[in-house]
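One structure is given below, encoded as structure tokens.
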Amino acid sequence: MKTRLLLISLIALVACEGIAQRLSLQELVDKRRYAEVVSYAATLQPGDTSDYATMYALGQACEGMLKYRDAYRYYRRCLSIDSTRTDLLATASRMAANLGKAAEAETYLQQLRACDTTDFYANYQLARLYAQQGEYAKAIGRYEFLLQQDPENSVLMRLIGDCYNRMDYPVSAFRYYLNAFRREPENASLAASLSNLLLLLQEPGEAAAVCDTSLRYHPNSRLLLQSKGLALFTMQKYAQADTVYSILMAQGDSSYNTLKYGGSAQYYAGQYMKSIKPLEKAYQKDTTSVEVCLLLGSSLGRTFDRKRAFELFDNAEVLMRPQPALVDMLIRFRAETFERENLHDKANVLYYQLWTQSRRFDMLGRIWQRYRTSKMAEQSDDYRQRALFIHMLFATEYLKRPERRKDNLVYLRSLLSQFQEEMFFRGVKQLPTLAPDGKKGVCTEEQLQAVIRQLPQKE
């Protein structure tokens, strides 16, 4: 009997210790002593993995220490223990989203929403997830659903406006931003977003008015002052813009736009000496801005450092030159469009330009393709002159290439031999040529034969 009572007492003691351990884990989590809880994982017994409270406490601790992968594992274990906990679905969804597992996160939220399709939290989190994944149309659908339930919710209006803004639908974004702003004019961030959108819509006056309204609540808001300064600058109210940007710089705002537009406002307001300092700082942040180079150079030229001014002008001139790769692309696209219009001579002028500027052999090949005919004698004088020029040039350049196909060399010989025959039958020692750019020349019999001798005959 005594033995039985002792056994029962031991079992009760172990159970109490287990409860105490679980309570202490949750207490540690509540006190944000996450490291101590995480260290407990190394001492887990097989039975602990089936205990919901232990697994949940470990998940919370791992999440608190940004160990999302471990936290997700513990939360999923909790779901396998008790799948009826709707709050855990939201938690698992959050962890999945943090790990970039968007599909799994959506699955959990859809399960949560299936319990109640009108549930605010499930619909809101779904909308947030869609927005994070760039699926803005889906996000708008969820936000709109919630807005129908709460038509005066300015936060939802702002979120819908953000989605439209990211979709490059500024007019729709403006409508929602404006409705939100009318309900929450003291929201500086919202006011700045609306102001910047109005600037995009070329309404600087309205943008400045929005800033003024919100500045009554937050007179020192950097966001609002930055937006107002840009609005005034856009309206060419340079003295007023200078006042705003001077306040920002006095507050320690050293952002590039504040330095650039603040210095530019001072320059256009005629304060050349004063503009040098912010423009110099802007130039140090970005030496590729043509406008900053020009205005800083002009300010220095008007005051005390003309040598430096000329250096800045030279830099601006270099910056204004288009990139060679883009220039080549423009010329090629224009030539290809001429070809599609059957304006081949105009196209060839541009292909030849690319050849002379960049030595693009493929561009030379495009011209050569237009003059491949075995009936040269039947063509016009203009055609034969252009053909002789391009065949000679193409053959000469092709012979220089390390990889040459014999059949192409044989074909080139047959094309050039037609001109050799023409010289023979006409009894002349040279024939006129015409380059794609209109430059006239001649090809002598000696030049023609020198190229033909390097080309193999057909076997």
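Mapped onto mature numbering (1 follows the signal peptide of the UniProt record, and there is no 0), the consecutive letters of the sequence shown carry residue numbers -20 to -1, 1 to 439.
Glycine residues also receive a C-beta, built at the ideal position from the N, C-alpha and C atoms.
Keep in mind the model is a prediction, meaning the values are calculated, not measured.
- In the DSSP assignment, VAL422 falls within the beta strand (DSSP E) that extends over 420 to 424.
- Between PHE161 and VAL190, the C-beta gap is smaller than 9 Å, which places the two residues in contact.
- At a Cβ-Cβ threshold of 9 Å, ALA77 and LEU109 count as neighbours.
- Selection ARG301, GLN220, TYR123, LYS261 evaluated against ASP233 yields LYS261 as nearest (Cα-Cα).
- If the five residues before and after TYR144 are omitted, its C-beta is found closer than 6 Å to the C-beta atoms of SER152, ALA153, all from its own chain and listed in chain order.
- Apart from the 5 residues on each side of it in sequence, SER279 sits with its Cβ closer than 7 Å to the Cβ of TYR247, TYR252, SER255, ILE256, LEU259 in its chain, given in chain order.
- In this structure, VAL270 is the residue among SER397, ARG93, VAL270, GLN25 with its C-alpha nearest to the C-alpha of ALA296.
- Looking only at GLY141, ALA367, ASN200, ARG163, the smallest Cα-Cα distance to ASN176 is reached by GLY141.
- If you keep only unbroken alpha helix (DSSP H) runs of at least 4 residues inside the region 11 to 81, you get 14 to 20, 32 to 44, 48 to 61, 66 to 78.
- Annotation for ALA211: SER175, LEU179, PRO184, ALA187, ALA188, CYS191 place their beta carbon closer than 7 Å to its own, counting only its chain and skipping 5 residues before and after.
- ALA315 places its beta carbon less than 9 Å from that of ARG346.
- The C-beta of TYR197 has fewer than 16 other C-beta atoms within 10 Å across all chains shown, which makes the residue exposed.
- Bounds of any beta strand (DSSP E) do not take in THR214; it lies within the alpha helix (DSSP H) bounded by 202 to 214.
- Here the C-alpha atom of GLY243 lies approximately 40 Å from the C-alpha atom of PHE313.
- A check of alpha carbon separations from SER169 across LEU79, LEU204, GLY281 identifies LEU204 as the nearest.
- The closest CA to that of GLN429, considering only ASN328, LYS419, LEU396, is found on LEU396.
- Within its own chain, the residues whose Cβ lies closer than 6 Å to the Cβ of ALA107, once the five positions on either side in sequence are excluded, are ALA119, ARG122, TYR123, listed in chain order.
- In this structure LEU46 is exposed. Its beta-carbon is surrounded by fewer than 16 other beta-carbon atoms within 10 angstroms.
- In the DSSP assignment, PRO165 falls outside any alpha helix (DSSP H), carrying neither H nor E.
- Annotated as proximal: PHE399 and LEU368, with beta-carbon spacing under 9 Å.
- For THR223, the enclosing alpha helix (DSSP H) has its first and last residue at 218 to 230.
- With contacts defined as CB atoms closer than 9 Å, VAL224 and LYS240 fail to qualify as a contacting pair.
- In this chain, the alpha helix (DSSP H) harbouring GLN129 covers 116 to 129.
- By the CB criterion at 9 Å, TYR331 and LEU344 fall inside the cutoff.
- Residues THR268, VAL270, CYS273 of the same chain have their beta carbon placed closer than 7 Å to that of LEU299, with the five preceding and five following residues left out of the count.
- The beta carbons of LEU68 and GLN91 sit about 11 Å from each other, so the pair does not count as a contact at 8 Å.
- In summary, SER394 is exposed, with fewer than 16 beta-carbon neighbours lying within 10 Å of its beta-carbon over all protein chains present.
- In the DSSP secondary-structure assignment, LEU411 is bridged to CYS423.
- Cβ-Cβ distances below 8 Å link TYR48 to CYS42, MET75, ASN78, LEU79 in the same chain, with the five nearest sequence neighbours on each side left out; the list follows chain order.
- About 13 Å separates the CB atoms of THR29 and TYR55; that is not less than 8 Å, and the two are not in contact.
- Taking the CA atoms as reference points, TYR52 sits about 48 Å from ALA230.
- Taking LEU275 as the centre and dropping the five residues before and after it, the same chain places the C-beta of GLY243, SER244, TYR247, SER255, LEU259 closer than 8 Å to its C-beta, in chain order.
- For LYS254, the three-state secondary structure derived from DSSP is helix.
- In the structure shown, TYR149 falls within a coil segment according to DSSP collapsed to helix, strand and coil.
- For THR193, the enclosing alpha helix (DSSP H) stretches over residues 184 to 195.
- Fully contained in the region 359 to 389 are the following alpha helix (DSSP H) runs of length 4 or more, in chain order: 361 to 380.
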